[in-house]
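Protein chains in written order, with the numbering used here: chain A, 1 to 98; chain G, 99 to 336. Where is the CB? At the ideal position from N, CA and C, for every residue including glycine. Some notes on the structure that comes next.
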Amino acid sequence: MKTHILVIGRNAEILQTVVRLVNNNDQWEATGATTDNDAINAFGTQPFKLVLLCNGIDPESEDTLRAAFKAVNPDVVIIQHYGGGSGLLAAEIYQALG
Amino acid sequence: MTQSVLHKAATRGHASHGWLNSYHSFSFGSYYNPERMHFGALRVLNDDTVEAGMGFGKHPHDNMEIISIPLEGDLEHKDSMNNVAVIKNGDIQAMSAGTGIYHSEYNKNREHRVKFLQIWLYPDKKNVEPRYDQISLNLEDRHNKLQQVLSPDPEDEGVWVHQNAWFHLGKFDKGVSTAYNIRAKGNGVYVFVLTGDVKVNDQVLNTRDGYGIWDTDKFTISAETDAEFLLMEVPMEF
């Protein structure tokens with residue numbers, strides 16, 4: 001069974017890259033969102049275990065998103081992804097998922 | 099009490115892609131070691147060799163301070179801010195990826211490989227405006243003394259980054275020794291030996307070894323042979 005990962009970032013081109021790189025691992029399935037509304041709506045549709053916060057998310061949005069996700073699934077892991085679809089991505093996910 | 103961690107060169111992660119041969123001091127790409135995730139704000143230290151005429155195609159970055167230090171050969175940089183530049187041995191390049199940037203790095207020389215260090219620091223603030231900087235250094239300024247090549251201050255020596263970090267390069271003759279005083283409380287220093295053997299306090303290091311030292315105000319570094327090294331002072335909490 002695949003691990004569902006929600007990826008949120010304001011830069012659509014970088015977001016696509018991150019989603020593609022996550023999906024390169026056949027154990028992971030990524031869904032991308034550029035807006036808070038899209039992210040919150042998507043969160044209700046799939047059993048996301050991990051949320052990656054990417055570029056351009058201001059602190060206010062981050063607080064809103066964290067509260068919304070935790071209200072639906074208190075066990076969801078939410079982390080900052082650094083580097084923009086870089087060589088750090090796999091290690092961040094492995095570490096977050098334990 | 100002073101704390102330290104030793105990363106022998108042979109214990110680094112390794113990736114060989116034909117055109118790229120890379121040694122990773124910390125987890126990167128397909129190399130994942132939970133014990134080697136970062137040293138404070140220092141997240142990536144890649145020791146890269148790019149074959150002649152090859153390179154990294156256009157790819158994105160965000161929210162990371164990226165420093166390149168060429169050791170041999172020339173590397174062409176192009177980015178989405180319309181910067182086009184060649185960095186060569188003796189130069190240092192710093193890029194704040196911030197809200198997002200695309201760039202490529204190529205070894206345009208058809209005959210000679212390029213070797214360079216790719217270093218990434220976590221930024222001290224997220225989503226900054228992307229920026230790029232590159233300078234040429236005077237190699238004599240590191241002969242038997244420490245040459246500052248990076249700081250957090252645009253007015254200080256070297257390039258600057260969005261992090262409370264200082265980098266120094268040294269090229270010491272055998273027997274030369276100096277003290278390093280840590281600039282900011284709570285910072286540690288990751289020593290990376292480029293060539294030769296050095297001793298940090300009582301710890302002997304060989305070529306391409308890494309050694310992190312923290313919870314101290316200062317340490318001594320001495321050249322056991324003719325040696326070149328890089329000192330990276332970074333916050334341990336960030």
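For the region 2 to 25 of chain A, the beta-carbon criterion of a distance under 8 Å to any beta-carbon of chain G is satisfied by Gly9, Arg10, Asn11, Glu13, Ile14 and Thr17.
A straight line joining the alpha-carbon of Ala321 of chain G with that of Cys54 of chain A spans about 43 Å. If you look at Asn23 of chain A, you'll find it in the alpha helix (DSSP H) that goes Ala12 to Asn23. Rounded to the nearest whole angstrom, the C-alpha separation of Leu219 of chain G and His81 of chain A is 14 Å. At least one CB atom of chain G sits nearer than 7 Å to the CB of Gly83 of chain A. The beta-carbon distance between Ser123 of chain G and Ala113 of chain G, rounded to whole angstroms, is 13 Å. This is too long to meet the 8 Å contact definition. In this structure the region 143 to 162 of chain G lies against the region 79 to 94 of chain A, because at least three pairs of beta carbons, one per stretch, are closer than 8 Å. Nearest in C-alpha terms to Gly153 of chain G, of all of G:Ser202, G:Trp312, G:Phe327 and G:Ser102, is G:Ser202.
Per DSSP, the unbroken alpha helix (DSSP H) holding Asp38 of chain A starts and ends at Asp36 to Phe43. Ranked by Cα distance from Phe327 of chain G, the options G:Thr197, G:Phe265 and G:Gln232 are led by G:Phe265. Residue-level contact check: Gly56 of chain A touches chain G, since one or more beta carbons of chain G fall below 7 Å from its beta carbon.
With respect to the 7 Å criterion, Ile185 of chain G and Gln216 of chain G are not classified as neighbours on the basis of their beta carbons. Per DSSP, the unbroken beta strand (DSSP E) holding Ser114 of chain G starts and ends at Gly111 to Ser114. Contact check for Asn181 of chain G and Pro168 of chain G: beta-carbon distance about 16 Å, past the 8 Å limit, so the pair fails to qualify. Looking only at G:Glu335, G:Val212 and G:Asp307, the smallest Cα-Cα distance to Asn262 of chain G is reached by G:Glu335. Residue-level contact by beta carbon holds for Ala91 of chain A and chain G, with a gap shorter than 7 Å.
At a Cβ-Cβ threshold of 7 Å, Tyr309 of chain G and Leu173 of chain G do not count as neighbours. Neighbours of Phe336 of chain G in chain A, taken as residues whose beta carbon is under 8 Å from its own, are absent, since the nearest beta carbon is some 11 Å off. Residues of the region 162 to 177 of chain G with a C-beta atom less than 7 Å from some C-beta of chain A are Met162, listed in chain order. Not one beta carbon of chain G lies nearer than 7 Å to the beta carbon of Gly32 of chain A.
Between Thr318 of chain G and Ala282 of chain G, the C-beta gap is not smaller than 7 Å, which leaves the two residues out of contact.
For Pro59 of chain A, the enclosing alpha helix (DSSP H) starts and ends at Pro59 to Val72. Short of 6 Å from the beta carbon of Asp239 of chain G, and not among the five residues preceding or following it, lie these beta carbons of its own chain, in chain order: Gln245.
Between Val332 of chain G and Leu140 of chain G, the gap from beta carbon to beta carbon is short of 7 Å. Between the alpha carbons of Thr314 of chain G and Gly286 of chain G lies a distance of about 8 Å.
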